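Here the protein sequences line up with chains A and B, keeping their order.
Per our numbering, the first sequence starts with residue 8, numbered consecutively.
Per our numbering, the second sequence starts with residue 7, numbered consecutively.
All C-beta atoms, glycine included, are put in the ideal place defined by N, C-alpha and C.
Because the structure is a prediction, the values reported are computed rather than measured.
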Amino acid sequence: MKAKAVLCAAAFVILGICGAASAADTIKIGVLAPITGFAASDGFSTIESIKLAVEKVNSEGGILGKNVELVYYDDAADPKQAVPLANKLITQDRVIAFVAGSYSMPSRAVAPIFDEEGIPLVAAYALHPEITNGDYTFRNGFLGTTEGRVAAYTALELFKAKKVALVTSDNDFGQTLREGFMGYLKKTGREGDLVLQQTYPSSEKDFAVYLSKIRDAAPDVVFFSGYYFQTAPALKQAKEMGISGIRFIGEQGSDSPKMAEIALDAAEGFVILTNLDRDDPRPLVQEFLKSYRDRHKIEPDMVGASAYDAFMIIVDAIKAAGSTDGKAIRDAIAATKDYNGLTGVINGFDEAGEVLKPVQLQEIKEGKFRYFGIVTDSELIKP
Amino acid sequence: MQLFFEQILNGLAIGSIYALITLGLALVYGILRILHVAHAAVYTVGAYVGLAIYSRTSTLLLAVPGSMLSCVLLGIAIERFVYFPLLKYPPYVPLISSIALFLGLEELCRIVAGPELLTFPATLPFPSFSVAGVMVSGTTVTVYAVTIAVLAALWFVTAKTEFGLAMRAASLDMEVASSLGVNSKLVVDATFAIGSAIASLAGILVGIYYNQVYSTMGTMPAYKSLALIVVGGMGSTVGTVLASFLLGLGETLLISFANIPLPRDALAFIAMILVLMWKPTGLLGKR
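Next up, the structure:
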């Protein structure tokens with residue numbers, strides 16, 4: 008009996024050692040992305056862009072002498088699916104860091120789970136403020152309020168609009184954009200120039216009724232925010248309805264190659280706020296754009312570039328920390344300075360874990376996003 | 007005033023689309039007393055098949071009949087192999103199988119066509135025009151034209167033909183109709199065929215109108231059309247069409263002039279609850 012117990016104990020110890028050994032062979036970084044569901048093309052972009060990053064890191068010798076292993080699951084942009092997958096990444100896969108490559112709702116649901124475990128998290132593009140509430144949480148994308156503020160600045164200052172309109176979705180994303188936009192109007196005393204403020208349900212498909220209201224309000228510029236599968240049909244409908252003389256601007260939700268594919272020539276001249284400049288001359292950016300285009304025959308987008316950066320910020324932090332300890336990585340991410348990213352040169356992160364970097368303006372020309380401008384004023388781009 | 011007029015036209019377009027999607031559901035309920043939730047999946051399949059044919063042939067003249075034919079076959083297959091064997095059970099049994107079928111077909115579309123949203127870049131054959139300073143786009147004109155054509159054809163078949171008489175007889179009491187010489191099996195097949203063909207048209211039309219085809223495009227129609235047939239009066243096709251237009255107009259005017267923070271999709275269900283509370287037979291229901 009006793010011999011059996013000893014044997015058992017020995018077996019467990021050996022198993023434990025083997026387990027530990029195999030776990031330590033690679034450095035595991037976890038990702039959740041919406042690979043299926045309404046946001047599937049964003050999930051594709053996220054995962055495929057990070058895969059390029061993994062290949063780059065591993066071909067250059069990995070980190071701390073080990074290869075990086077990407078562990079990713081599909082959360083379908085659904086918080087209910089994301090939470091168990093986050094737990095799986097932590098308890099079974101034992102990832103040492105996490106890229107939140109999904110939308111605000113699921114990212115918000117999983118952020119506290121990683122934070123509690125002391126696993127550093129970098130959100131790629133989700134823009135809800137609460138995602139970065141923890142000590143171990145960072146964001147590579149812009150806050151909704153930042154984008155809203157820059158949108159108002161773009162409309163009033165760059166396009167010299169005398170009258171503006173604001174259209175947002177009724178979800179988290181739209182609400183934070185609205186706060187930023189209204190905040191800027193208030194600060195500059197231009198609230199009176201807002202001729203229409205309109206929300207639409209996030210499930211909306213038909214925008215004719217909103218577009219009629221916009222035409223009636225006759226603004227010079229309308230900040231028409233939303234995802235590409237909303238803004239693209241809206242632009243298409245606007246053209247069909249013969250709306251002209253009103254400039255439409257959008258934000259990162261419209262940063263997708265699908266935009267021009269759906270809206271066709273109605274997308275021409277649409278200006279968005281985003282963080283990927285396709286005309287950025289830095290070799291890093293052009294190499295990424297080229298490898299993505301060569302491999303997938305489609306245009307890369309800000310979602311993928313942001314996920315790539317979020318992943319590389321973690322990789323750099325692990326290198327800098329010289330350790331896979333959660334606290335050490337967290338401190339290294341917090342100390343990031345002038346990081347040369349796809350989505351611009353990242354000045355660093357503030358106390359709250361929010362990124363500091365310029366906002367890009369891109370315009371659709373001949374179906375492709377091209378450089379339109381850049382906003383670097385720290386008062387505007389601050390989180 | 008111009009805005010009001012414009013919004014009425016927008017509301018009619020939305021109502022037309024609701025009517026096209028919901029008609030099949032009302033027809034099937036009228037005959038079999040089954041809530042055919044999977045009808046929304048037939049609509050999705052219709053859009054995908056239409057797109058598949060269009061992207062290979064570049065002509066709607068093949069895509070539309072091809073898609074309609076596929077949907078007719080799919081609709082009859084659903085009736086023969088799923089609903090008919092289950093008719094002897096309480097109504098919730100076919101309902102549950104219908105929901106399962108809906109989800110299954112949605113997933114099938116996703117697996118076959120991929121999770122990506124696809125575009126349907128066909129141009130519709132109608133020109134845009136202006137009335138009283140309001141421009142009506144070509145796509146909107148197409149929506150009106152298709153809806154009017156479908157409603158007229160349906161009215162002709164049900165009101166003016168012998169077959170329509172058989173349909174109405176079967177919907178009153180299938181057993182009595184059968185004993186009086188109505189081929190009720192054929193009537194049921196034809197009902198599913200007509201409903202599914204209209205769903206296919208609706209799928210293609212919506213796909214082109216918004217230039218998007220995706221596997222979950224049937225989700226919203228699946229639940230909204232249930233509310234619509236309740237409001238219209240279970241099984242009443244005229245009531246369903248009326249409810250569809252009222253909802254389209256109601257949603258549009260609500261967004262346009264009230265700007266209350268209520269999601270537009272809620273309106274259909276508020277209407278359904280009110281109808282169930284005060285007039286459970288619906289707007290034009292008899293039973």
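Cut-off 7 Å between Cβ atoms - residues of its own chain near Phe132 (chain B), not counting five sequence neighbours on either side: Gly144, Val147, Thr148, Ala151
Buried versus exposed, by CB contacts within 10 Å (16 or more), Leu79 (chain B): exposed
Minimum Cβ-Cβ distance from Lys265 (chain A) to chain B less than 8 Å: At least one chain B Cβ lies under 8 Å of Lys265 (chain A).
Proximity test, Cβ basis, 8 Å: Glu12 (chain B) and chain A: Yes - at least one Cβ of chain A is within 8 Å of the one on Glu12 (chain B).
Cβ-Cβ distance between Leu253 (chain B) and Ala274 (chain B) below 8 Å: yes
Contacts that Val229 (chain A) makes with chain B (C-beta to C-beta distance below 7 Å): Per Cβ cutoff of 7 Å: no residues; Val229 (chain A) is ~16 Å from chain B at best.
Given 8 Å, three or more beta-carbon pairs between the region 140-154 of chain A and the region 353-362 of chain A: yes
Limits of the alpha helix (DSSP H) - the one that Asn65 (chain A) falls within: 47-66
Inter-residue Cα distance where the pair is Gly181 (chain B) and Ala46 (chain B): For clarity, residue 181 (chain B) is Glu in the given sequence; the question names Gly instead. Approximately 29 Å, taken between the alpha carbons.
Contact list for Met309 (chain A) against chain B, beta-carbon separation under 8 Å: Neighbours of Met309 (chain A) on chain B: none; closest Cβ ~18 Å, over 8 Å.
Val174 (chain A) beta carbon near the ligand HEM (any heavy atom closer than 7 Å): Among the components of this structure there are no ligands whatsoever, and the ligand HEM is therefore not found.
Minimum length 4: unbroken alpha helix (DSSP H) runs contained in the region 93-121 of chain B: 98-119
Chain-ordered chain A contacts of Ser262 (chain B) [CB-CB under 8 Å]: Val216, Ser219, Lys220
Segment contact, 8 Å Cβ cut-off, at least three pairs: the region 7-19 of chain B with the region 232-240 of chain B: no
Test item: CB-CB of Ser231 (chain B) and Gly56 (chain B) under 8 Å: no
Residues near Ala245 (chain A) by beta carbon distance below 6 Å, same chain, minus five either side: Leu218
Meets three-Cβ-pair contact criterion under 8 Å: the region 274-285 of chain A and the region 320-332 of chain A: no
Backbone secondary structure at Phe166 (chain A) - three-state DSSP: Looking at Phe166 (chain A) - three-state DSSP - the assignment turns out to be coil, as it is neither helix nor strand.
Alpha-carbon to alpha-carbon, Ile59 (chain B) and Ile282 (chain B): A quick correction: the sequence has Leu, not Ile, at residue 282 (chain B). The straight-line gap from Cα to Cα measures roughly 42 Å.
Start and end residues, alpha helix (DSSP H) containing Asn282 (chain A): Counting along the chain, Asn282 (chain A) sits inside no alpha helix (DSSP H), nor does DSSP assign it H or E at all.
Within-8 Å CB hit, Ala339 (chain A) to chain B: no
CA nearest to the CA of Arg86 (chain B), picked from B:Ala199, B:Leu130, B:Tyr98, B:Leu280: B:Ala199
Nonlocal neighbours in the same chain, by C-beta distance under 7 Å from Val88 (chain B), ignoring five residues either side: Ser103, Leu107
Spatially closest choice to Thr129 (chain B) from B:Glu257, B:Val212, B:Met226, B:Cys115, by CA coordinates: Cα-wise, what sits closest to Thr129 (chain B) is B:Val212.
Below-8 Å beta-carbon distance, Phe145 (chain A) vs any chain B residue: no
Backbone secondary structure at Ser143 (chain B) - three-state DSSP: coil
8 Å Cβ cutoff met for Gly72 (chain B) and Ile210 (chain B): no
8 Å Cβ shell around Thr164 (chain B) - same chain, five flanking residues per side excluded: Gly170, Met173, Arg174, Thr243
Per-residue DSSP class, three states only, for Tyr229 (chain B): Tyr229 (chain B): helix per DSSP, three-state reduction.
Pair within 8 Å by beta-carbon distance, Leu165 (chain A) and Gly151 (chain A): no
Cross-chain neighbours of Gly52 (chain B) in chain A, by beta carbon under 7 Å: The contacting residues do not exist; Gly52 (chain B) stays about 17 Å from chain A at best.
Contact with chain B by Pro208 (chain A), beta-carbon distance below 8 Å: Closer than 8 Å to some Cβ of chain B, the Cβ of Pro208 (chain A) qualifies, so yes.
Uninterrupted beta strand (DSSP E) stretches inside the region 138-211 of chain B (no shorter than 3 residues): 140-142
Contacts of Ser48 (chain A) in chain B (Cβ-Cβ under 7 Å): Glu122, Leu123
Cβ neighbour criterion (16 or more within 10 Å) applied to Ser29 (chain A): Caution is warranted here: a pLDDT of 47 is assigned to Ser29 (chain A), below 50, making its placement in the model unreliable, and the coordinate value is therefore given only provisionally. Per the 10 Å Cβ criterion, exposed.
Short CB-CB distance (under 8 Å) between Leu9 (chain B) and chain C: No chain C is present in this structure, whose protein chains are A and B.
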